[in-house]
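Asker:
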DNA sequence: CACATATTTCTGTTATGACAGAAACAACTA
DNA sequence: TAGTTGTTTCTGTCATAACAGAAATATGTG
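Here it is as structure tokens:
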């Protein structure tokens, strides 16, 4: 490929803007611009793309693309696919947004909730045997631990539901409360 | 206060460890150590503390404490309280963990979902009028927008429920599916 | 095996965020 | 008003993360 055909240049303005904005939004989500842009490009692309095309399209270094793809694959929202007649690996993104969200949630839980739960369990067991800790302080540690444990279980269970069910639950929104008769009592 | 009575030193080991670990865990949550430690200290402290005591207790600069408290107050999980006979502002943390989670979720929604929704709506309206965007691409943008919109609504509605109800919903976990008869169909 | 091509790891640079300490700015009291 | 105490803003330093480009390492193919 001698002449650099920048994919992003031949894309319609609306798509180009999507990729750029998605990259910016990544900041709010704790992912860096490169990763977010690459994900956006693969999400909107109708065909799998090889790493060097991604690199040229977005103007990021080849090595950066490699590392970013690795991370996206760790999130399980991008996967490697073979393309007939091309030795290069091609990559494609998950296009089901609910599945996407679930995968991201799984990683978030692993990063944010699991370590917290472990740490709190440890603090708690220390506190139980420590006369220097007041009853109120012990109570607070216990509450924090119980809450984290609740969230841990809830995430796991929601995670395990089929996307179809999850969609319905979310779409029900607060009507769920009336349906369950939880409002009173 | 000539002699530096470091609060954290007179605290039992279990409590000290909680504060330190909470500070580390903050990294996973996207908050810096100072803020997380200060929050932990206030959460576990049975009495409101003034800024300089916090500063000495944790060994962080007074200015840092000031800024961190400002941010914690922006999250609405720490508040200023007056203490009789002391001119200094004292600070105390929300001790209801569910309320705490709700406040944090509100800020997260404002930072992560609201801007995304706005951006996607914009991209979408661009795409609708752009013949260069394929039907499939338009569909993907629409799906992403619809999903974000669903999450936006869901967050808002859950946010508005009383803590009591929220607790029950979470504790129900996936049993909710059976209760609603959502499993089949 | 030689040679091409694809991918990952390494290294140095740059940009960003966290933070301390100083300075500026209240608000109160004698 | 001068002095005291508490709070915020400013400035410079340091640590970390993002990133490009080069080097090293596969994985082919003739």
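Residue numbers (the working numbering), protein chains in the order written: chain A, 27 to 211; chain B, 27 to 211. Cβ atoms here follow ideal geometry from the backbone N, Cα and C, with glycine treated the same way. Only a predicted model underlies this, so the values are computations on that prediction, with no experimental measurement involved.
#1: In its own chain, which residues sit with a C-beta less than 7 angstroms from the C-beta of residue 184 of chain B, not counting the 5 before and 5 after it?
#2: Report the three-state DSSP secondary structure of residue 143 of chain B (helix, strand or coil).
#3: Given residue 67 of chain B, which residues of its chain have a CB within under 6 angstroms of its CB, disregarding the five upstream and five downstream residues?
#4: Report the rounded CA-to-CA distance for residue 85 of chain A versus residue 61 of chain A, giving the unit in angstroms.
#5: My understanding is that residue 112 of chain B touches residue 196 of chain A, with C-beta atoms under 8 angstroms, so please give their C-beta distance in whole angstroms.
#6: Have a look at residue 78 of chain B and residue 88 of chain B and give me their C-alpha separation to the nearest angstrom.
#7: Nearest by alpha-carbon distance to residue 120 of chain B: which of A/166, A/69 and A/59 is it?
#8: Could you tell me which chain A residues have their CB closer than 8 angstroms to the CB of residue 170 of chain B, listed as they occur along the chain?
#9: Using the Cβ count rule (16 or more neighbours within 10 Å means buried), how would you classify residue 114 of chain B?
#10: Is there a C-beta anywhere in chain A that falls below 8 angstroms from the one on residue 175 of chain B?
#11: Does residue 44 of chain A have its Cβ less than 8 angstroms from a Cβ in chain B?
#12: Name the DSSP bridge partner or partners of residue 112 of chain A?
#13: For residue 103 of chain B and residue 126 of chain B, what's the separation of their Cα atoms in angstroms?
#14: Would you check if the distance between the CB atom of residue 162 of chain A and the CB atom of residue 72 of chain B is smaller than 8 angstroms?
#15: For a contact defined as C-beta to C-beta under 7 angstroms, what are the partners of residue 113 of chain B on chain A?
#16: Give every residue of the same chain whose Cβ lies closer than 8 angstroms to the Cβ of residue 178 of chain B, excluding the five residues on either side of it in the sequence, and list them in chain order.
#17: With residue 41 of chain A as the anchor, note down where its alpha helix (DSSP H) starts and where it stops.
#18: By alpha-carbon positions, which one of A/188, A/154, A/146 and A/57 ends up nearest to residue 93 of chain A?
#19: Would you kindly work out how many angstroms separate the C-alpha atoms of residue 50 of chain B and residue 116 of chain B, rounded to a whole number?
#20: Exposed or buried, what is residue 155 of chain B when buried is set at 16 or more other beta-carbons lying within 10 Å of its beta-carbon?
#21: Express the C-alpha separation of residue 180 of chain B and residue 194 of chain B in angstroms, rounding to a whole number.
#22: Given a limit of 7 angstroms on CB to CB distance, which residues of the region 151-166 of chain A reach chain B?
#23: So what does DSSP say about residue 104 of chain A, is it helix, strand or coil?
#24: By Cβ distance, which residues of its chain are closer than 6 angstroms to residue 107 of chain A, with the 5 residues on each side in sequence left out?
#25: Taking Cβ positions only, does residue 194 of chain A come closer than 8 angstroms to chain B?
#26: Quick check on the burial criterion: 16 or more other C-beta atoms within 10 angstroms. Buried or exposed for residue 147 of chain A?
#27: Measuring straight from C-alpha to C-alpha, what distance separates residue 28 of chain B and residue 80 of chain B?
#28: Quick one: which unbroken beta strand (DSSP E) runs of 3-plus residues sit fully inside the region 142-197 of chain B? Chain order, please.
#29: Could you tell me the distance, in whole angstroms, from the CA atom of residue 70 of chain A to the CA atom of residue 170 of chain B?
#30: So, helix, strand or coil for residue 204 of chain B, using DSSP?
#31: Whose Cβ in chain B lies nearer than 7 angstroms to the Cβ of residue 199 of chain A?
#32: Could you say which of B/96, B/168 and B/109 lies nearest to residue 123 of chain A if we only look at CA atoms?
#33: Near residue 206 of chain A, what residues of its chain come up, given a Cβ to Cβ distance below 7 angstroms and the 5 sequence neighbours on each side ignored?
#34: Mind listing the chain A neighbours of residue 58 of chain B? Cutoff is C-beta to C-beta under 7 angstroms, in chain order.
#35: Once you ignore the five residues that flank residue 150 of chain A on each side, which residues in its own chain have a CB closer than 6 angstroms to its CB?
Answerer: Reading off the structure:
#1: 192
#2: helix
#3: 45
#4: 13 angstroms
#5: Actually they are not in contact, since the Cβ atoms of residue 112 of chain B and residue 196 of chain A sit about 48 angstroms apart, beyond 8 angstroms.
#6: 6 angstroms
#7: A/166
#8: 69 and 123
#9: exposed
#10: no
#11: yes
#12: A/109
#13: 6 angstroms
#14: yes
#15: In chain order: nothing, as chain A lies at least about 27 angstroms away.
#16: 135, 139, 140 and 143
#17: 39-55
#18: A/57
#19: 25 angstroms
#20: exposed
#21: 17 angstroms
#22: 152, 153, 156, 158, 159, 160, 162, 163 and 166
#23: strand
#24: 74, 116 and 118
#25: yes
#26: exposed
#27: Residue placement at residue 28 of chain B is flagged as unreliable, the pLDDT there being 28, under the threshold of 50; the coordinate-derived value follows with that caveat. Approximately 16 angstroms, taken between the alpha carbons.
#28: none
#29: 10 angstroms
#30: helix
#31: 179, 180 and 183
#32: B/168
#33: none
#34: Under the 7 angstroms cutoff, chain A gives no residues; its nearest Cβ is about 13 angstroms from residue 58 of chain B.
#35: 167 and 171
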